[in-house]
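Residue numbers (numbering that gives the first Met the number 0): 0 to 139. Every residue, glycine too, gets a C-beta built ideally from N, C-alpha and C. Just so it is clear, the structure is predicted and the values come from calculations on it, not from any experiment.
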Amino acid sequence: MSRVLNWIDTLFFGVRRIFAAGVELPERPALNFVGAVVTDNPAENRTDVFIPGAWLVSPVVTGTYTARPGEFVRVNAQDPVTVRLPPAAGNVGAEVMVKEVAGEEEAIEILASTGQRVARDGYPYVTFRLVSDGAAWIVI
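Following this line, the structure appears as structure tokens:
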């Protein structure tokens with residue numbers, strides 16, 4: 000019964016238990032992300048936390064996908080794929096890497112949050128590395 004109540008508690012009130020190196024930390028009323036860039040993403044109904052030097056790894060993408068700051072986006076381009084970037088503003092120095100890991104010579108299109116095309120390629124196993132300068136995403 001307590002497992003069900005814990006699940007309901009987590010579902011309605013958020014994650015209550017936080018572990019660090021396998022040890023449960025005491026419950027605190029707030030989290031402090033030191034050295035991280037935290038942005039609100041209402042379009043995706045989430046809060047994005049970018050920790051410099053750490054990469055998030057996406058599931059293999061086969062359609063349209065919205066990347067997060069610091070994410071390594073893996074693409075299966077059996078059909079054309081569109082990757083939308085987070086806003087450049089507020090993400091200075093953040094990187095996003097897009098890599099085709101499977102598929103054909105279908106196009107991979109990368110769009111800024113404003114809908115402007117940043118890059119497009121149809122070569123197999125292409126890699127894009129993008130960095131935000133705070134105003135735009137730059138292809139490295």
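*Between R116 and E104, is the Cβ-Cβ spacing less than 8 Å?*
In this structure, R116 sits away from E104, with a CB-CB distance that is not shorter than 8 Å.
*Separation of F18 from T126, as counted between CA atoms*: C-alpha separation (whole angstroms): 34 Å.
*asked:* Taking the beta carbon of G69 as the centre, do at least 16 other beta carbons fall within 10 Å, making it buried, or is it exposed?
replied: Buried, since its Cβ has 16 or more Cβ neighbours within 10 Å.
*Can you tell me whether T63 is buried or exposed, with buried defined as 16 or more other CB within 10 angstroms of its CB?*
Counting Cβ neighbours within 10 Å, T63 comes out exposed, since fewer than 16 surround it.
*Determine contact between the segment 73-81 and the segment 43-54, defined as no fewer than three beta-carbon pairs at a distance below 8 Å.*
The segment 73-81 is not in contact with the segment 43-54.
*Between which two residues does the beta strand (DSSP E) carrying R119 extend?*
DSSP places R119 inside the beta strand (DSSP E), whose first and last residues are 116-120.
*Got a sec? Which residues, its chain only, sit under 7 Å from D190 by beta carbon, not counting five neighbours each side?*
Residue 190 is absent from the structure shown; the chain starts at 0 and stops at 139.
*Does the beta-carbon of R67 have 16 or more other beta-carbons within 10 angstroms, so that it is buried, or is it exposed?*
Under this definition R67 is a buried residue.
*Assuming G121 contacts A134 under a Cβ cut-off of 8 Å, what Cβ separation, rounded to an integer in Å, is found between them?*
Rounded to whole angstroms, the Cβ separation of G121 and A134 is 28 Å, and the two are not in contact under 8 Å.
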